[in-house]
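Have a look at the structure below, then the notes.
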Amino acid sequence: MSQFRFLRRPAIAVAAGVLALTLLVALFAPLLAAGEAGRRVGPVFGGPSSAHLLGLDDAGQDVLSLLLHGARTVLIVGAAASLVAVLIGCAVGVLAGYAGGWVDTVLMRVTDYFLVVPALPFMIVVAAIWGPSLDHIILVIGLLSWTQMARLTRAQTMSLRERGYIVRARGLGSSHLRIVTRHLLPHLTPLVVANAALTVATAIFAEAALAFLGLGDPTSVSWGRMIEHAFSRSALSAGAWWAFVPPGLCIAAVVVACSVIGQGVAEIANPQLQRDHLPPRRVRLRATPAGGGEDDGGGSESGPRLSGRTAATVMEES
Amino acid sequence: MALITIFCAVSLNFLLFRVVPGDAVSNLARVPNSTVAQQQALRHEFGLDRSIGAQYVAYLRELAHGNLGRSFANGQPVSKNLGEALGNTLPMVLLGTVVAIVAGIATGVLGAVRRGTRTDRALTVSSLAVYALPAQWVGLLLLFLLGGVFPSGGRVDEFLIEPSAWQHAVDVLWHMTLPSLVVGLTLFGQYALLTRTATLETLSEDYVLTARAKGLSTPRIVRRHVLRNAMLPISTMIALTLGSVVGGVVLIETVFSWPGIGRAVYSAVTSRDYPMLQGAFLVLTVVVVVCNYVSDLVCLRLDPRITA
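Protein sequences appear in the order of chains S and A.
For what it's worth, the working numbering labels the leading residue of the first sequence as 1, then goes sequentially.
For what it's worth, the working numbering labels the leading residue of the second sequence as 1001, then goes sequentially.
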C-alpha cells in the first residue's frame, strides 16, 4: 500500500474525495436525476424550493439535475484532453531529450511556437472552424496543452540519459525502445502524473471558456454551458444567482482538487521543498522559577516551554 | 533569437490560416445570385488566386511595410482596428496585473515563511480557490453583487457630452474597475501560489543556512537573501503570464463588453474576418515573444551569474 501513502495527507485525501465524488455523480447521473434534465419542470428562473433545491434555469429546468449531468462532460473533457496532452507531451519530450541533436532542436522549435501562440484565441479559431462537438473540443484543448509536459519530460530525460544505469543498459545491448520503456518512463512517472493532474485542471478551464463563448458542444450539458446560458439569457437581470453560482463553484472544486493532487505528487517526488533553513519562529523559552514551588499560572508543564512547529528542532539544538 | 521566433510564428500563422477549409470568398460568395465570374474577380482582388508561395512572399513584403491588410468586416486597415483594441485592453490588463503582482508576492512570501501554520494554510487555500474560479464566473458574480455601483459594461459612458480630458479619464477608470479587478483576482491566486513555491525552494538553499548562522534576523534573511533569489522564477513567470493574459482576456471582455483585443479576435472568428484574425494573432504572438524577451533581460539584470 506504500504507493497510497500520500492519501494520508489531509489536503490530498479531501481532494481525492472530491474527485471520487464527482466521478460517482458522473457515472450515476441518470439514476440520481432520472428524466429531470432537459425537461421543463417549472417557471423560468424559479427560485430554490424543496422540490428543486437549486432552483430552475432560463428554460425552467432543474439546476441540480443539470449540475449532476454536467459532471460527465467536464470529467470526459478533462480526462481525455489531458490524455491527449500527456501522450503528445511525453512523446515529444522523451524523443527530444533522448535523441538530442537536430531532432531536439526541431522539436523544441515546434514546442516554442506552441508556447508563444495565444492559446485561447487559437482554441477559439480551431473550435469555430471545426464546428462544435465534444471530440473537437477535446482535441483542440489537448493539442494546445502539451508544451509544459514536453519541456519537463525533456529536461528530466536529458538528466536521466547520462545516469550510470542507463549507460550500462546501453552497454549491455538494450535497444533504445527497451531503455525508454523499461528504464526511462518509470522514472518519469511521478512528474507525468503531477503534471497530468494540472493539465486536467487547465482542460476543464478551457472547456468552460469555450462553452462560455458559445463554442461548446450544443448537445451536451456542461458546467461551462450553464454559466454561458445564465449570462446570455439574462439570469443577472432576473436576479437568478442560483443559475450560475453552483456550476462555477463546482468547476472551482474540481480544479482545486486536481491542483492539490498535482502539487502533492510533485512535493512527494521532490522532497527538497520540505525543509527550510529559517530560524524557528514563535519559540518562547520560559524558565520556571528556580525554587520550583510556584507555578506562574501558565501551563501545567514545568521546565522550558516550547511552542511552535519547530519545537523538536530547537530541542535538538539546545 | 526573439526575431527568429517571431519569424517562425509569422510563417506558421500564415500557414494556419491557409489550411483552414473555405477561403473568405466562399463565405462572401453566399450572397444570392453571385456568379462564378464574380467570385473569381473577388479572389483576384484579394490575391487569393495566386499560389501559396506567392501569397506568402506578398504577405511578408506587406508585413515589412507595416501593412496588415484590410479588415473584411469594416474595410478599415487591420492595424488601425488592432491598435485601437490593444489600446483599450492594455491599460485594463496592466492595472489588474500590478494589483495582482503586489498582493500575490506579499501573500506568497508570507505563506512560505510561515509554512505549515494556520496563516499559511488559510492563505494557500484562499489563493487556490481564487485561482480555480473561472474568470467569466468571477465577472458575473461581481456584476451581480456590484452591478448597481459600477457600470455593467462598455468602456465609456456614451451619454457624456463633450467631456473634459479629466472627466474622460475618470469615466474610463470607473468603467475599468470591475474588469481590472477580475484580471487581478485571476492572476493573484497564480502569483501567490508560485511565489510560495519559489520562496520555499529558496529557503532550503545552503546560503540561507549560512545567513542564519551569521545571526541575521528572519526579516533580513527573507529580504536580502531569499526574496532576491526567489524573484528570478517569479519575474519569469509574471512575464510569461502577462503575454498570455492579453490573449486570454476575451472572457472578461465578453462579460463586460470591453472593446479590446479579445473581443476583436472573437468577432473576427465569427465573421470569418481572416486578415483581422491573422493580424490579431501576429500581435498577440509578438506580445508574448516580447514579454519572454523582457523576462530574459530582467533575469540577466537580476542574476549576474547568467551571461547572454
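Beta carbons: idealized from backbone N, C-alpha and C, even for Gly.
Are the beta-carbon atoms of residue i and residue j separated by less than 8 Å?
| i | j | result |
| --- | --- | --- |
| Ala1315(A) | Ser1127(A) | Nothing in the structure corresponds to residue 1315(A), since chain A is present only between 1001 and 1308. |
| Ile1252(A) | Ile1101(A) | no |
| Leu64(S) | Leu53(S) | yes |
| Leu144(S) | His187(S) | no |
| Ser1257(A) | Cys1299(A) | no |
| Val1287(A) | Gly1243(A) | yes |
| Val200(S) | Ala11(S) | no |
| Leu95(S) | Leu107(S) | yes |
| Ile137(S) | Val77(S) | yes |
| Leu1063(A) | Val1125(A) | no |
| Ala243(S) | Asp62(S) | no |
| Leu19(S) | Ala257(S) | yes |
| Phe45(S) | Ala253(S) | no |
| Phe212(S) | Gln1136(A) | yes |
| Leu236(S) | Gly1147(A) | yes |
Taking buried to mean at least 16 other C-beta atoms within 10 Å of its own C-beta, is residue i buried or exposed?
| i | result |
| --- | --- |
| His69(S) | buried |
| Trp1166(A) | exposed |
| Leu1145(A) | exposed |
| Trp223(S) | buried |
| Gly1184(A) | buried |
| Asp296(S) | Low confidence applies here, because Asp296(S) scores a pLDDT of 44, under 50, leaving its location unreliable and the question unanswered by this model. |
| Tyr1131(A) | buried |
| Trp146(S) | buried |
| Asn1229(A) | buried |
| Ser82(S) | buried |
| Ser307(S) | Caution is warranted here: a pLDDT of 45 is assigned to Ser307(S), below 50, making its placement in the model unreliable, and the coordinate value is therefore given only provisionally. Exposed. |
| Met1276(A) | buried |
| Tyr1207(A) | exposed |
| Ser1071(A) | buried |
| Leu1060(A) | exposed |
| Val1265(A) | buried |
| Gly292(S) | Only weak support is given to the placement of Gly292(S): the predicted model assigns it a pLDDT of 43, under 50, and the value that follows is read from those uncertain coordinates. Its Cβ having fewer than 16 others within 10 Å, Gly292(S) is exposed. |
Ordered along the chain, which non-local residues of its own chain (more than five positions away) have a Cβ less than 6 Å from that of residue i?
| i | result |
| --- | --- |
| Leu1123(A) | Thr1107, Gly1111 |
| Leu32(S) | Leu68 |
| Leu1297(A) | none |
| Ile1261(A) | Ala1085, Leu1086, Thr1089 |
| Ile141(S) | Ala81, Ala203, Ala206 |
| Leu115(S) | Thr147 |
| Pro247(S) | Trp223, Met226, Ile227 |
| Leu1200(A) | Ala1112 |
| Cys1196(A) | The question names Cys, but residue 1196(A) is Arg in the sequence shown. Once the five neighbours on either side are set aside, the close Cβ partners of Arg1196(A) are Gly1108, Gly1111, Ala1112. |
Comparing alpha-carbon positions, which option in the options lies nearest residue i?
| i | options | result |
| --- | --- | --- |
| His229(S) | Arg1224(A), Leu1227(A), Val1255(A), Leu1209(A) | Val1255(A) |
| Phe1188(A) | Leu1015(A), Arg1228(A), His1175(A), Val1138(A) | Val1138(A) |
| Ser1180(A) | Glu1205(A), Val1245(A), Leu1216(A) | Val1245(A) |
| Glu207(S) | Trp242(S), Ile251(S), Trp241(S), Gly171(S) | Ile251(S) |
| Phe231(S) | Gly1279(A), Arg1263(A), Thr1199(A), Leu1141(A) | Leu1141(A) |
| Ala29(S) | Thr73(S), Gly17(S), Pro43(S), Ala13(S) | Thr73(S) |
| Thr1241(A) | Ile1004(A), Gln1076(A), Asn1292(A), Pro1259(A) | Asn1292(A) |
| Gln148(S) | Ile166(S), Thr111(S), Gly164(S) | Thr111(S) |
| Trp48(S) | Gly93(S), Trp241(S), Ala266(S) | Looking at the sequence itself, residue 48(S) is Pro, so the reference to Trp does not match. Closest option to Pro48(S), Cα to Cα, is Trp241(S). |
| Ile204(S) | His183(S), Leu134(S), Arg151(S), Thr219(S) | Leu134(S) |
| Ala196(S) | Thr22(S), Ala59(S), Val255(S) | Val255(S) |
| Arg151(S) | Leu191(S), Met123(S), Asp58(S) | Leu191(S) |
| Ala1211(A) | Val1226(A), Val1170(A), Ala1198(A) | Val1226(A) |
| Leu1302(A) | Arg1272(A), His1168(A), Pro1233(A), Ile1052(A) | Pro1233(A) |
| Val1099(A) | His1175(A), Val1172(A), Pro1163(A), Thr1186(A) | Thr1186(A) |
| Arg1272(A) | Ile124(S), Leu185(S), Thr181(S) | Ile124(S) |
| Ile1105(A) | Leu1194(A), Ala1213(A), Arg1224(A), Leu1209(A) | Leu1194(A) |
CB of residue i to nearest heavy atom of the ligand SAH: below 7 Å?
| i | result |
| --- | --- |
| Thr1254(A) | The model on display carries no ligand, and the ligand SAH is accordingly not part of it. |
Short of 8 Å in beta carbon distance, which residues of its chain neighbour residue i, apart from the five on each side in sequence? Order them along the chain.
| i | result |
| --- | --- |
| Asn1074(A) | Asn1081 |
| Val25(S) | Leu32, Leu68, Ala71 |
| Gly216(S) | Pro132, Ile137, Glu207, Leu210, Ser222, Gly224, Arg225, Glu228 |
| Asn1013(A) | Gln1278, Phe1281, Leu1282, Thr1285 |
| Leu1068(A) | Glu1062, Pro1077, Val1078, Ser1079, Leu1082, Pro1275, Gln1278, Gly1279, Leu1282 |
| Val265(S) | Phe6, Pro190, Val193, Ala194, Ala197 |
Does residue i have its Cβ less than 8 Å from a Cβ in chain C?
| i | result |
| --- | --- |
| Cys1008(A) | No chain C appears in the structure shown, which is made up of the protein chains S and A. |
In its own chain, which residues sit with a C-beta less than 7 Å from the C-beta of residue i, not counting the 5 before and 5 after it?
| i | result |
| --- | --- |
| Glu294(S) | The predicted position of Glu294(S) is uncertain, since its pLDDT is 43 and thus under 50; a value taken from the coordinates is nonetheless stated next. The answer is none, since no qualifying residue turns up. |
| Gly100(S) | none |
Going along the chain, which residues of the region 72 to 92 of chain S sit with their C-beta nearer than 9 Å to a C-beta in chain A? none
For the region 104 to 130 of chain S, which residues have a beta carbon sitting closer than 7 Å to at least one beta carbon of chain A? Arg109, Asp112, Tyr113, Val116, Val117, Pro118, Ala119, Leu120, Pro121, Ile124, Val125, Ala128, Ile129
The region 1262 to 1279 of chain A: which residues have C-beta closer than 8 Å to a C-beta of chain S, in chain order? Gly1262, Val1265, Tyr1266, Val1269, Thr1270, Leu1277
For the region 196 to 209 of chain S, which residues have a CB atom closer than 7 Å to at least one CB atom of chain A, in sequence order? Phe205, Ala208, Ala209
Between the region 148 to 163 of chain S and chain A, which residues of the former have CB atoms less than 7 Å from a CB of the latter, in chain order? none
Chain S contacts from the region 1229 to 1259 of chain A (Cβ-Cβ distance under 8 Å): Gly1243, Ser1244, Val1246, Gly1247, Gly1248, Val1250, Leu1251, Thr1254, Val1255
Under 8 Å, CB to CB, which of the residues in the region 1121 to 1134 of chain A have a partner in chain S? Leu1128, Ala1129, Tyr1131, Ala1132, Leu1133, Pro1134
What are the residues in the region 241 to 252 of chain S lying within 9 Å of chain A by C-beta distance? Trp241, Phe244, Val245, Pro247, Gly248, Leu249, Ile251, Ala252
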